[in-house]
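This report concerns only the one structure given below.
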Amino acid sequence: MLPKFYRIALKLSAKSAHNKHKMAAVLVKGGAVLTKATNKNTWGAHAEKRALHKATPESCLGTALYIARNSGRISKPCATCLVLIKHLGIRKIIYATWTGEVIIEKI
Numbered sequence: 012m013l014p015k016f017y018r019i020a021l022k023l024s025a026k027s028a029h030n031k032h033k034m035a036a037v038l039v040k041g042g043a044v045l046t047k048a049t050n051k052n053t054w055g056a057h058a059e060k061r062a063l064h065k066a067t068p069e070s071c072l073g074t075a076l077y078i079a080r081n082s083g084r085i086s087k088p089c090a091t092c093l094v095l096i097k098h099l100g101i102r103k104i105i106y107a108t109w110t111g112e113v114i115i116e117k118i
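Letter by letter, the sequence shown follows residues 12 to 118 of the numbering used here.
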């Protein structure tokens with residue numbers, strides 16, 4: 012069974028405007044969704060970055076970020092997004108591997 016908020020991100024990823032890589036990110040704190048976003052058709056608009064820019068830096072402390080791709084495959088954040096995630100104090104990221112296995116990684 013997939014984690015609840017990962018399922019939300021997976022469902023949201025279908026609404027992405029990107030033609031090839033439909034992705035979504037859901038920022039969660041204390042069991043509640045703080046922000047969520049999809050990626051756009053440009054490389055600079057990753058779902059993680061868009062979701063994090065909707066939150067205040069203070070609200071990001073101790074959160075979990077769920078990142079999903081519509082195909083159910085690799086959704087690990089890129090190096091640039093990972094720097095932002097660490098900088099904002101996010102405690103864990105949840106994403107899928109190439110095989111579709113969901114990983115919970117503590118930061």
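Yeah, the Cβ is synthetic: ideal placement off N, Cα and C, and Gly gets one too.
* Burial state of R61, where buried means 16 or more other Cβ atoms lie within 10 Å -> buried
* On the premise that I118 lies in contact with I105, defined as a C-beta separation below 8 angstroms, what is that separation, rounded to the nearest angstrom? -> That pair is no contact at about 11 angstroms.
* Exposure of R84, with buried meaning 16 or more beta-carbon neighbours within 10 Å -> exposed
* Can you tell me the Cβ-Cβ gap for V1 and T74, rounded? I've got them flagged as a contact below 8 angstroms. => Because the chain spans 12 through 118 in this model, residue 1 falls outside it and cannot be assessed.
* Asked: Grouping DSSP H, G and I as helix and E and B as strand, with all else coil, what is T91?
  -> helix
* Can you list, in chain order, the stretches of the beta strand (DSSP E) that have 3 or more residues and sit fully within the segment 34 to 103? -> 34 to 40, 43 to 49 and 75 to 80
* Would you decide whether K65 is buried or exposed? Buried here means 16 or more other CB atoms lie within 10 Å of its CB. => exposed
* Asked: Leaving out the 5 sequence neighbours to the left and right, which residues in its chain are closer than 7 angstroms to S24 when beta-carbon positions are compared?
  -> K33, M34, A35, T49, A79, R80 and N81
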